[in-house]
Amino acid sequence: MRPSLLVAAVALALAGCSSAKPVSGNDAGAACTVDGRTFPAGTFNPNQPCQTCQPAISASVFSTFTGLPPSGGCATSQQVCNAGTCQSGCVIPDLGFEPAGALEAGNACRVCDPSRWTTAWSSLTGAPLDGGCPGANLCLNGQCVSGCLIDGGLIATGTADPTNGCEICQPGTLATGYSPVNDATPCQTNGNYCKAGACIFGCYVGGKLFDAGDSSPTNVCDVCAASTVGQPVMAFSPTTVTTQCNENGGTYCAQGACIPVCLIGATFYDAGAPDPTDPDQCCNPATPGAWTPGFASAITTPSTTGTPAAVAIGDVTGDGIPDLIVGETPPGQVEILKGAGDGTFSLLPNPIAFPTGASSLVVADFNNDGYQDLAVASNGGNSITILLYEADGGFVSSSMNDIFKKPIALLVADLQQPGSHDLIVGAANSALVPEVVTLINQGGSFTLGSTATLVDGVVALTPGDFNGQSNEVDVAALGAHGVTIVAITGAGTTITPGVPVPLTTSNVVAGASGNLDGHPNGVSDLAVADAQNNQVIPLLNGSSGLAAQAALAVNAPTAAAGADRNGDGKPDVAAAGTSVGGTSDVLVFINQTVGSASSLTFFTPVGAYVVGAQPVALAVGDLNGDGRPDLVTASGGNDNLSVLLGQCP
Numbered sequence: 045m046r047p048s049l050l051v052a053a054v055a056l057a058l059a060g061c062s063s064a065k066p067v068s069g070n071d072a073g074a075a076c077t078v079d080g081r082t083f084p085a086g087t088f089n090p091n092q093p094c095q096t097c098q099p100a101i102s103a104s105v106f107s108t109f110t111g112l113p114p115s116g117g118c119a120t121s122q123q124v125c126n127a128g129t130c131q132s133g134c135v136i137p138d139l140g141f142e143p144a145g146a147l148e149a150g151n152a153c154r155v156c157d158p159s160r161w162t163t164a165w166s167s168l169t170g171a172p173l174d175g176g177c178p179g180a181n182l183c184l185n186g187q188c189v190s191g192c193l194i195d196g197g198l199i200a201t202g203t204a205d206p207t208n209g210c211e212i213c214q215p216g217t218l219a220t221g222y223s224p225v226n227d228a229t230p231c232q233t234n235g236n237y238c239k240a241g242a243c244i245f246g247c248y249v250g251g252k253l254f255d256a257g258d259s260s261p262t263n264v265c266d267v268c269a270a271s272t273v274g275q276p277v278m279a280f281s282p283t284t285v286t287t288q289c290n291e292n293g294g295t296y297c298a299q300g301a302c303i304p305v306c307l308i309g310a311t312f313y314d315a316g317a318p319d320p321t322d323p324d325q326c327c328n329p330a331t332p333g334a335w336t337p338g339f340a341s342a343i344t345t346p347s348t349t350g351t352p353a354a355v356a357i358g359d360v361t362g363d364g365i366p367d368l369i370v371g372e373t374p375p376g377q378v379e380i381l382k383g384a385g386d387g388t389f390s391l392l393p394n395p396i397a398f399p400t401g402a403s404s405l406v407v408a409d410f411n412n413d414g415y416q417d418l419a420v421a422s423n424g425g426n427s428i429t430i431l432l433y434e435a436d437g438g439f440v441s442s443s444m445n446d447i448f449k450k451p452i453a454l455l456v457a458d459l460q461q462p463g464s465h466d467l468i469v470g471a472a473n474s475a476l477v478p479e480v481v482t483l484i485n486q487g488g489s490f491t492l493g494s495t496a497t498l499v500d501g502v503v504a505l506t507p508g509d510f511n512g513q514s515n516e517v518d519v520a521a522l523g524a525h526g527v528t529i530v531a532i533t534g535a536g537t538t539i540t541p542g543v544p545v546p547l548t549t550s551n552v553v554a555g556a557s558g559n560l561d562g563h564p565n566g567v568s569d570l571a572v573a574d575a576q577n578n579q580v581i582p583l584l585n586g587s588s589g590l591a592a593q594a595a596l597a598v599n600a601p602t603a604a605a606g607a608d609r610n611g612d613g614k615p616d617v618a619a620a621g622t623s624v625g626g627t628s629d630v631l632v633f634i635n636q637t638v639g640s641a642s643s644l645t646f647f648t649p650v651g652a653y654v655v656g657a658q659p660v661a662l663a664v665g666d667l668n669g670d671g672r673p674d675l676v677t678a679s680g681g682n683d684n685l686s687v688l689l690g691q692c693p
């Protein structure tokens with residue numbers, strides 16, 4: 045507010061110095077003559093409102109003064125006169141001119157604010173100016189105070205927001221509002237801990253605050269399970285809802301641990317659990333959202349230079365990784381596909397040649413030097429060839445010729461003592477009478493043992509304990525029309541053929557043996573591939589001998605093998621053949637026989653595993669070191685091999 049011109053003139057009518065009041069117009073001789081004009085004492089300079097006629101100082105010029113100008117004299121109402129000029133500021137009684145923004149001495153809460161007053165200090169409310177208030181932090185109506193100024197009122201330091209227990213007055217942080225309290229401060233409103241000024245559900249563990257639902261930094265399957273208002277939570281809890289974790293080989297959380305399970309169709313299954321509708325599929329945590337087939341799609345090896353006729357699995361390169369050994373015809377040779385340890389193979393150069401094709405081959409350390417050797421039966425060459433591995437990677441060859449005719453099947457068996465690695469041969473004699481012959485190992489060379497004459501030509505040999513006698517080696521000699529169990533005793537010097545078991549077929553092509561019924565006596569049963577009737581015939585070895593069971597349908601079977609695909613201790617049956625549509629494939633029949641049952645039960649596979657055309661042989665082994673059985677078929681139509689890697693359990 046500004047006093048009237050008359051009040052200003054009276055209040056400032058001093059003579060003498062520049063800050064004195066102008067003289068009254070009634071003083072004797074009170075006049076000034078300036079530039080030929082006469083002005084009564086106290087008259088303002090018409091060209092400069094901060095100059096007046098003060099004869100006591102000078103009667104010939106206008107004198108400067110400090111005070112209020114005449115109304116409208118300065119450019120704005122926020123200006124006063126200071127030493128003769130218009131300046132923004134205040135004229136404070138007993139102090140004189142103070143520039144705009146100047147603080148009252150000793151009080152940071154009173155300031156010259158010409159927009160409010162030009163003749164007095166203006167009081168501040170809010171933050172103090174220029175260094176603040178000693179011992180206080182706010183201005184309130186011109187006085188220094190401590191606390192927070194909120195909604196026009198002064199709130200004492202440390203006072204909580206009445207609507208939010210996680211905010212308090214902390215002038216050092218914010219003087220004009222409430223400030224968040226420290227995170228992890230307990231609260232009682234819609235939660236249990238404060239975070240960023242809000243009451244949340246959380247857990248305070250190891251000096252750190254976690255939101256409800258957060259996982260432990262050291263165990264993804266432990267979570268913050270806070271949910272009760274005001275209840276402090278100082279530890280993580282095991283997950284109550286199974287969630288995906290993918291940690292340390294696990295897939296889903298259960299009871300606080302990441303375990304390998306599958307979530308399929310809203311149901312959790314343990315690792316290895318079979319598909320309820322297809323037991324050839326399983327829960328494999330590597331693909332936790334869907335059933336995994338028992339075997340992966342076939343890996344095709346490089347092509348061989350000849351046509352495969354037989355295949356065996358063994359480490360014949362000495363690097364500890366299984367290789368594939370292929371007997372071929374034509375030409376008569378053996379080739380080696382070196383394993384990489386992951387189910388893939390590379391063809392090595394320099395095939396091992398024979399006069400005629402290989403009909404069967406086996407792998408064993410015949411000379412006990414720690415390296416795997418080979419034995420190859422040559423049907424057309426009437427010979428057995430022994431290939432002893434040498435440290436430089438080659439083989440030394442020796443052959444037994446014309447000891448028997450047309451050797452078709454070859455088997456390794458310990459006839460002398462454990463580890464003797466003798467040979468059993470299925471062949472025909474010079475008169476083409478079928479027989480089983482033993483070859484006794486003499487440290488890498490072999491001598492002829494005993495012979496048993498059969499009534500049916502041998503197409504395959506498979507070992508097993510068919511008689512339950514610990515002092516003998518049993519062999520199932522598969523003929524085109526049936527099976528003859530041959531018992532070998534006395535270090536191979538005695539062979540006793542049993543009574544042939546006829547089958548209603550004239551074209552048995554392969555077989556596999558094993559304890560199919562899981563009987564605790566461990567006696568072996570059989571599965572025989574019958575190409576004439578498009579089936580595999582399981583044979584249960586009971587008190588009355590081998591008895592045929594319900595046949596397993598396989599179109600044009602060419603090979604069979606036993607492998608415990610699902611790890612239940614009972615061999616399952618794999619058979620290679622050609623489907624009605626012409627695709628060559630492998631069918632896997634999962635053994636579902638209840639232990640010691642009176643009959644064998646197998647699950648008919650829902651699908652088949654496609655392999656190379658015209659599979660002529662089937663071998664089982666762990667090719668990639670994962671503990672699961674893998675399958676290999678030799679393709680007579682594509683001159684290569686198909687590798688089926690096991691994926692279950």
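With our numbering as the guide, the letters of the sequence shown map in order to residues 45 to 693.
Virtual Cβ for every residue (Gly too), placed ideally from N, Cα, C.
Simplified DSSP assignment, three categories, for residue i
i	result
residue 527	strand
residue 411	coil
residue 587	coil
residue 85	coil
residue 667	coil
residue 488	coil
residue 319	strand
residue 314	strand
residue 684	strand
residue 154	strand
residue 188	strand
residue 643	coil
residue 107	strand
residue 494	strand
residue 297	strand
residue 558	strand
residue 658	coil
residue 439	strand
residue 365	coil
residue 389	strand
residue 339	strand
Of the residues the options, the one placed nearest residue i, counting alpha carbons only
i	options	result
residue 353	422, 285, 469, 295	422
residue 153	163, 162, 170	170
residue 458	414, 357, 517, 571	517
residue 188	212, 164, 219, 591	219
residue 622	616, 547, 77, 653	653
residue 465	474, 454, 582, 565	454
residue 327	296, 347, 342	296
residue 360	344, 340, 346, 383	383
residue 274	236, 194, 335	236
residue 633	595, 366, 192, 165	595
Span of the beta strand (DSSP E), counted from its first residue to its last, around residue i
i	result
residue 635	628-635
residue 244	242-244
residue 92	92-98
residue 426	From DSSP, residue 426 is part of no beta strand (DSSP E); its letter is neither H nor E.
residue 674	674-679
Rounded C-alpha distance that separates residue i from residue j
i	j	result
residue 136	residue 89	23 Å
residue 463	residue 261	54 Å
residue 420	residue 488	14 Å
residue 434	residue 407	14 Å
residue 524	residue 507	18 Å
residue 556	residue 690	19 Å
residue 538	residue 472	18 Å
residue 678	residue 268	57 Å
residue 385	residue 364	9 Å
residue 469	residue 446	13 Å
residue 27	residue 93	In the structure displayed, the chain extends from 45 to 693; residue 27 sits before or after that span and is not available.
residue 336	residue 316	10 Å
residue 534	residue 511	16 Å
residue 545	residue 290	54 Å
*Evaluate contact between the segment 279-290 and the segment 238-246, counting only Cβ atoms and requiring at least three cross-stretch pairs below 8 Å.*
no
*For the segment 581-588 and the segment 284-303, state whether three or more C-beta atom pairs, one from each stretch, are separated by less than 8 Å.*
no
*asked:* Within 8 Å, do at least three Cβ pairs link the segment 635-643 to the segment 310-318?
replied: no
*Do the segment 548-567 and the segment 598-618 touch if we need at least three Cβ pairs shorter than 8 Å?*
yes
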